[in-house]
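Encoded as structure tokens, the structure appears first; notes follow it.
Residue numbers (my numbering): 268 to 325.
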């Protein structure tokens, strides 16, 4: 169950970052560098989630 808890935590982080990105981009003078960094972080989390979910299937 610890693995599932980690997956849930990462899923929550992924959603939080997605909300931050949307909020940032709704601002007329949003920071492209900040959004790019957030998107990279979100992608790393997504990759980790996919890896962890693949190991739970096997």
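C-beta: ideal position from N, C-alpha, C; glycine also.
Please read these numbers as outputs of a predicted model, since none were measured by experiment.
Under 8 Å between C-beta atoms of residue 276 and residue 316:
Residue numbering aside, residue 276 sits at position 9 when the chain shown is read from its first letter. Residue numbering aside, residue 316 sits at position 49 when the chain shown is read from its first letter. Residue 276 is not a Cβ neighbour of residue 316, given a cutoff of 8 Å.
Go ahead and label residue 284 buried or exposed: buried means 16 or more other beta carbons lie within 10 angstroms of its beta carbon, across all protein chains shown.
For this step, residue 284 is matched to residue 17 along the chain shown. Buried, because 16 or more other Cβ atoms sit within 10 Å of the Cβ of residue 284.
From which residue to which residue does the alpha helix (DSSP H) around residue 314 run?
Sequence index remark: in the chain shown, residue 314 carries index 47 (1-based). Taken as a continuous stretch (DSSP letters only), the alpha helix (DSSP H) holding residue 314 covers 299 to 324.
Compare the Cα-Cα distances from residue 309 to each of 322, 296, 286 and report the closest residue.
Against the chain shown, residue 309 aligns to sequence position 42. Closest by alpha carbon: 286.
Check residue 294 in the structure and name its three-state DSSP category.
Start at 1 with the first residue of the chain shown, and residue 294 comes out as number 27. It is coil, neither helix nor strand.
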